[in-house]
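Only one structure is covered here, and it is reproduced in the block below.
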Amino acid sequence: MSQQTMRGMRLGAQSLESEIGVAYSARSTHSYQCPRGHQTSVVFSAEAELPDTWQCKTCGGEGVLVEDGKIIELNHEEKTPRSHWEMLLERRSREELEEILQERLEYIRERRSAGKADL
Ligand SMILES: [Zn+2]
């Protein structure tokens, strides 16, 4: 979305001054549709995790996320990124990891005792 369109949007009660430097590009607009068909547009920070539902501005009903008029089913399980640790565990057993850790610790200790480590 261009900065021009963002500038035309209501961004809440913030003063103009505090909006400067807040980075318009870091926001995105999403629509929620209630069971009666009202659409409510909500501006989120680009990094925000979108809520499943949003209260309808018109009737107070529970709106669900829509995109291009279609209801989006949020699957949080799939969306949740795996941690580095979880990915590591898929590739190596816990025993292997312990071994690698021990090797690494020994290496660091040796360097430290040799007086050349600032790890
Ligand atoms: Zn509604």
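Numbering of the sequence shown is given in my numbering, commencing with residue 4 and proceeding in unit increments. Note that the Cβ used here is the ideal one computed from N, Cα and C, for glycine as well.
Between residue i and residue j, is the Cβ-Cβ spacing less than 8 Å?
i	j	result
Q58	E65	yes
L104	L91	no
Could you compute how far the alpha carbon of residue i sits from the alpha carbon of residue j?
i	j	result
R39	I74	13 Å
M4	C37	Note that M4 has pLDDT 49, beneath the 50 cutoff, so the model's placement of it is unreliable and the number below is only indicative. Each residue's alpha carbon lies about 25 Å from the other.
R94	E52	28 Å
Y35	V46	11 Å
E89	E102	17 Å
L68	H87	30 Å
S31	E70	12 Å
E76	R107	44 Å
K60	G72	17 Å
S114	R97	Residue identity differs from the one stated: residue 114 is Arg in this sequence, not Ser. Going from the Cα of R114 to the Cα of R97 covers about 26 Å.
D55	P84	18 Å
Would you list the one or two residues that DSSP bridges to residue i?
i	result
W57	G66
I74	V69
S34	S44, V69
Since residue i contacts residue j with CB under 8 Å, what's their CB separation in whole angstroms?
i	j	result
C62	H33	Not quite, the Cβ-Cβ distance comes to about 19 Å (not below 8 Å), so this is no contact.
S48	A29	6 Å
Taking only beta-carbon positions, decide if residue i is within less than 8 Å of chain B.
i	result
G72	This model lacks chain B altogether; it includes just one protein chain.
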